[in-house]
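Numbered by the UniProt record's numbering, the letters in the sequence shown go through residues 1 to 269 in order.
Beta carbons are placed, not taken as given, at the ideal position from N, Cα and C, and that holds for glycine.
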Amino acid sequence: MASKTHFTVTIPSIPGHVGGTITCTEPAPQVYLLTLASPPDNRLTPPLCAALLEALDRVEFGGLPNGVLVTTSAMPKFYSNGLDLQLAMGTPGFTEDSLYPLFRRFLTYPMPTVALVNGHCFAGGLMLAMHHDYRVFSGGERGYMAVNELEFGAPLLPPMAGIFREKLSAPVYRTLALEARRFGGKEALEAGIVDVLGGWEDGVMKLVEGRKLTTKGKMGVYGMLKEEMYRGQVALLDARGSEVVKAPVLMEAEKKRKVEGTRRVKAKL
1 MASKTHFTVT
11 IPSIPGHVGG
21 TITCTEPAPQ
31 VYLLTLASPP
41 DNRLTPPLCA
51 ALLEALDRVE
61 FGGLPNGVLV
71 TTSAMPKFYS
81 NGLDLQLAMG
91 TPGFTEDSLY
101 PLFRRFLTYP
111 MPTVALVNGH
121 CFAGGLMLAM
131 HHDYRVFSGG
141 ERGYMAVNEL
151 EFGAPLLPPM
161 AGIFREKLSA
171 PVYRTLALEA
181 RRFGGKEALE
191 AGIVDVLGGW
201 EDGVMKLVEG
211 RKLTTKGKMG
221 VYGMLKEEMY
231 RGQVALLDAR
241 GSEVVKAPVL
251 MEAEKKRKVE
261 GTRRVKAKL
């Protein structure tokens, strides 16, 4: 597909992550494709979140005609492997200063957004995709979608869990969270996690043209409609200060609960 290149945003490197780029092209009129290239698996680090927020600003405020925004990965195996958990836990304010603002920006973006999921999409990566309006899966047999916090022992924080409550049925959310099931493309389509199976032409462009998505943001209220539609999730993402639920606090509370439970049982023996 012939594309016009508009800009490239650099993702600075940090210890443990090589950084990379986000490139904006226009493969079709008013269809803006952001391609994430942060090897090996597009982890949602603070620099990547900041670069992606900058790219979203440049599409909205950089003089481009209103249209449709699509994200995908330059790595054929991964759309995004989610957070670097150790980095996220060790970076003060990471969720409320980097991750949640990114989720909110996508959720209320003033034009239609499409995640072209071309490979594995796990945990925070799936959360990012779910904050888009639509999801197209092109991974074939190469990719799975999962919320696998169960497997590495991390709680789901309210702003992370909320998007699944908003957009998926309760049984599907239960399967994602409490079974850590990996959904292939066909399963994800049946579950409503993705909207379309296909690549660029038979997936993204068919969706864009069939729903006339390039016209939806022209009246200037598209983002406002989404903000009202998802007001509960927006409120969770906007929480600050004492309202922010942090993973260490939850883990410490769970530790205390187990200690107290053990004490109660032993006292009765």
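Query raised in the report: Cβ atoms of Y109 and E60: under 9 Å apart, would you say?
Result: Numbered from 1 along the sequence shown, position 60 holds the residue referred to as residue 60. Numbered from 1 along the sequence shown, position 109 holds the residue referred to as residue 109. Yes, they are a contact pair.
Query raised in the report: So, using beta-carbon positions, are residue 280 and L116 closer together than 9 Å?
Result: Outside the modelled stretch of the chain, which goes from 1 to 269, sits residue 280, for which no answer is possible.
Query raised in the report: Can you give the Cα-Cα distance for D238 and G198, rounded to whole angstroms?
Result: Numbered from 1 along the sequence shown, position 238 holds the residue referred to as residue 238. Numbered from 1 along the sequence shown, position 198 holds the residue referred to as residue 198. Cα-Cα distance, rounded: 34 Å.
Report task. Would you check if the distance between the CB atom of N148 and the CB atom of A170 is smaller than 9 Å? Result -> The residue labelled residue 148 in the question sits at position 148 within the sequence shown. The residue labelled residue 170 in the question sits at position 170 within the sequence shown. Not closer than 9 Å, so no.
Query raised in the report: Taking all protein chains shown into account, do 16 or more other C-beta atoms lie within 10 angstroms of the C-beta of D133, making it buried, or fewer, making it exposed?
Result: One-based indexing of the sequence shown puts residue 133 at position 133. By the neighbour-count rule (16 or more Cβ atoms within 10 Å), D133 is buried.
Query - Secondary structure of I193, DSSP reduced to three states - result: On the sequence shown, position 193 is the one that residue 193 refers to. Of the three classes helix, strand and coil, the one that applies to I193 here is coil, per DSSP.
Query raised in the report: What are the partner residues of V259, as DSSP defines its beta bridges?
Result: Mapped onto the sequence shown, residue 259 falls at position 259. According to DSSP, which records beta bridges pairwise, V259 is partnered with nothing at all.
Report task. Report the three-state DSSP secondary structure of M75 (helix, strand or coil). Result -> Working through the sequence shown from its first residue, we reach residue 75 at position 75. Residue state, collapsed to three classes: coil.
Query raised in the report: In three-state DSSP terms, what is M1?
Result: If you number the sequence shown from 1, residue 1 lands on position 1. With a pLDDT of 49 at M1, under the threshold of 50, the modelled position of that residue is not reliable, and the figure given next carries that caveat. Here M1 sits in coil by DSSP.
Report task. Return the first residue and the last residue of the beta strand (DSSP E) that E26 is part of. Result -> For the purposes of this step, residue 26 is identified with residue 26 of the sequence shown, where counting begins at 1. Residues 20-28.
Query raised in the report: Using a Cβ-Cβ cut-off of 8 Å (strictly less than) and excluding sequence neighbours within five positions of L85, which residues of its own chain qualify?
Result: Residue 85 sits at position 85 when you count from the first residue of the sequence shown. Result list for L85: F152, A154, in chain order.
Query raised in the report: Do you know whose CA, among F106, W200, N118, G124, lies nearest E227's CA?
Result: As a position in the sequence shown, residue 227 is number 227, starting the count at 1. The shortest C-alpha separation from E227 is found at F106.
Requested in this report: Answer with buried or exposed for G261, where buried requires no fewer than 16 other C-beta atoms within 10 angstroms of its C-beta.
Outcome: Here the question's residue 261 lines up with position 261 in the sequence shown. Exposed, by the Cβ-count rule.
Report task. Please specify which runs of the alpha helix (DSSP H), each continuous and at least 4 residues long, are wholly inside the region 89-169, giving them in chain order. Result -> 100-107, 124-130, 149-152, 158-167
Query raised in the report: What three-state label does DSSP hand V9 in the structure shown?
Result: Taking the sequence shown and counting its residues from 1, the one referred to as residue 9 is at position 9. Strand at V9.
Query raised in the report: If we count Cβ pairs, one from each stretch, closer than 8 Å, do we get three or more for the region 95-102 versus the region 237-254?
Result: yes
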